[in-house]
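A quick write-up on the structure given underneath.
Residue numbers (this note's numbering), protein chains in the order written: chain A, 26 to 140; chain B, -7 to 107.
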């Protein structure tokens, strides 16, 4: 069975500092990997995705993530965060299931950026 | 392109009452998901449709929850009777058919409070 583990439930960080949000997945088949962001009282918005090719993927708002197949990880990074990055971040895997793709989410990491 | 539409945005009901949520996916998206997101947790898949057929409802509490997508377009999720633990945000998402390497697009969700 597939699963996603986000290793930190909360990450406090000061503005302009770098940040890394960790994600590990478990799957016996090939997966596609996504990071979504959720601002208060809103739905989920895609930050970036890994499909194939280069293991370093860049997304919106200056975020990037690195896929590591041997460690089954897909950690999200940003070199310098802003107050506006305060939100909940979710890692997700997409796997083939029956007639379509099944999308499984981690528990989320709350990023809190302080001035 | 219009996004995923959900209504209502907020709902407060007493336990043992019934409630229904509506979702209209992006035009042409055959795959539709309903997720339950309890405060502080990641989205949990309740049911997945491919057109008007159910692909996965393994985590849907079928004694009280039901969902339909009669014409393969919009969908309704119902809870009857509601329990206190059903308080959550209910998210609808859609995706093109069989495209597990594409992102799922989310609505803003319906926040349900059961008192």
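Every residue, glycine too, gets a C-beta built ideally from N, C-alpha and C.
Asked, Found
"Top-ranked residue by Cα proximity to residue 61(B), from 8(B), 6(B) and 22(B)", "22(B)"
"Sheet register partners of residue 49(B) (DSSP bridge)", "Answer is none; residue 49(B) lacks a bridge partner."
"Contacts around residue 77(B), its chain only, beta-carbon distance under 6 Å, and the 5 residues preceding and following it disregarded", "none"
"Local conformation of residue 105(A) per DSSP, three classes", "coil"
"Any chain A beta carbon closer than 7 Å to residue 96(B)", "yes"
"Same chain only: Cβ atoms within 8 Å of residue 36(B), ignoring 5 sequence neighbours per side", "27, 28, 29, 30 and 51"
"Residue environment, residue 2(B), which counts as buried when at least 16 other CB atoms sit within 10 Å", "exposed"
"Bridge-paired residues (DSSP) for residue -3(B)", "16(B)"
"Within 7 Å, strictly: CB atoms of residue 72(A) and residue 62(A)", "yes"
"For residue 30(B), the three-state DSSP class (helix, strand or coil)", "coil"
"Short-range partners of chain B found in the segment 56 to 75 of chain A, where Cβ spacing is below 7 Å", "57, 59, 67, 68, 69, 71 and 74"
"Short Cβ contact (7 Å threshold) for residue 119(A) with residue 49(A)", "no"
"Exposure of residue 9(B), with buried meaning 16 or more beta-carbon neighbours within 10 Å", "exposed"
"Per-residue burial, residue 71(B) [other beta carbons within 10 Å of its own, 16 or more giving buried]", "buried"
"Residue 13(B) versus 20(B), -3(B), 94(B) and 19(B), residue with shortest Cα-Cα distance", "-3(B)"
"Delimiting residues of the beta strand (DSSP E) encompassing residue 70(B)", "67 to 71"
"Residue 131(A), DSSP secondary structure in three states", "coil"
"Interface partners of residue 81(A) on chain B, CB under 7 Å", "Near residue 81(A) there are no residues of chain B at all, since even the closest Cβ is about 18 Å away, more than 7 Å."
"Proximal residues of chain A, C-beta to C-beta of residue 93(B) below 9 Å", "57, 74, 76, 77, 119 and 126"
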